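Student:
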Amino acid sequence: MGLFLSTIVNKVDRKGRVSVPASFRTTLSQQIFQGIIAYRSFTASCIEGCGMDFMERLSDSTQTFDAFSPEQEDISALIFADARQLAWDPEGRILLPEDLIEHAGLSETAAFVGKGQTFQIWQPEAYKAMEAEIRARALKNRPTLPLKAPVKPVVGDGK
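Just so you know, we're using the UniProt record's numbering here: the sequence shown kicks off at 1 and counts up by one.
Dropping the structure here:
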């Protein structure tokens with residue numbers, strides 16, 4: 001699986017069509033479904049985007065909850081019930097549904113923000129403000145990431 005990197009701003013036309021960045025399409029083209037999966041973020045005023053493989057992993061993750069538990073029901077409603085499969089046209093554009101446009105406050109432009117295995121679509125000025133908050137928090141908290149040590153191959157019988 002490829003990664004979604006960078007922040008790219010594209011125009012949104014009057015019909016709600018926007019070009020998916022070429023690098024994002026390249027990452028997604030490895031999927032059976034040629035398009036994006038999009039749903040309203042429940043943590044920010046943006047659209048969450050990913051490929052079908054990531055949605056399948058999310059679905060597998062929900063199996064850790066008890067069947068029909070409030071947690072499982074909430075996640076299913078917030079993500080899967082709201083998710084849309086948006087295929088791109090020959091020019092690489094998707095048509096964003098009106099409720100997604102409204103949720104993210106999009107008008108003339110949209111910022112595609114890479115987040116590794118997923119991405120988000122933001123109103124560009126709203127993302128700039130959020131990015132400033134994130135950077136300020138990071139400078140204050142100095143988060144770190146544990147890196148997995150590379151696995152060394154075993155040569156011979158280990159003696």
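Backbone N, C-alpha and C define an ideal beta-carbon position, used for all residues, glycine too. For clarity, every value in this text was computed on a predicted model and none was experimentally measured.
(1) Could you give the residue range of the alpha helix (DSSP H) that holds LEU28?
(2) With DSSP collapsed to three states, give me the class of SER59.
(3) Any beta carbon from chain B within less than 9 Å of THR26's own beta carbon?
(4) For the region 111–120 and the region 48–61, state whether three or more C-beta atom pairs, one from each stretch, are separated by less than 8 Å.
(5) One question on the structure: do ILE47 and HIS103 come within less than 9 Å of each other, judged by their Cβ atoms?
(6) Candidates ILE121, LEU139, ASP60: which alpha carbon is nearest PHE24's?
(7) Assign PHE54 to one of three DSSP states: helix, strand, or coil.
(8) Using CA atoms only, rank isn't needed, just tell me which of LYS15, SER76, GLU71, MET130 is closest to ILE94.
(9) Based on Cα-Cα distance, which residue from GLY2, VAL9, SER41 lies nearest to LEU100?
(10) Report the rounded CA-to-CA distance for ALA44 versus PRO90, giving the unit in angstroms.
(11) Of the choices ARG142, ASN10, LEU145, GLN34, whose alpha-carbon is the least far from that of GLN85?
(12) Just the C-alpha distance for ALA136 and ARG142, rounded to the nearest angstrom, thanks.
(13) Quick check: the Cα distance between PHE65 and GLU73, rounded to an integer number of angstroms?
(14) Whole-angstrom Cβ separation of VAL12 and THR109, contact assumed at under 8 Å?
(15) Under 8 Å Cβ to Cβ from ILE134, same chain only, skipping five residues before and after it: list those, please.
(16) Let me know the secondary structure DSSP gives PHE65 once reduced to three states.
Tutor: This is what the structure holds:
(1) Segment 22–28, the alpha helix (DSSP H) holding LEU28.
(2) Looking at SER59 - three-state DSSP - the assignment turns out to be helix.
(3) The structure shown has no chain B; it contains just one protein chain.
(4) Verdict: yes, contact present.
(5) Yes; because the gap between Cβ atoms is below 9 Å, this pair is in contact.
(6) Looking at the Cα atoms, ILE121 is the closest of the given residues.
(7) Note: PHE54 maps to helix in three-state DSSP.
(8) Considering only alpha carbons, the answer is LYS15.
(9) Closest by alpha carbon: SER41.
(10) In a straight line, the C-alpha of ALA44 is about 31 Å away from that of PRO90.
(11) If we check each option's Cα against that of GLN85, GLN34 comes out closest.
(12) Each residue's alpha carbon lies about 10 Å from the other.
(13) If you take the alpha carbons of PHE65 and GLU73, they lie about 9 Å apart.
(14) Cβ-Cβ separation between VAL12 and THR109: approximately 6 Å, consistent with a contact (criterion under 8 Å).
(15) Cβ within range, chain order: n/a, list empty.
(16) It is coil, neither helix nor strand.
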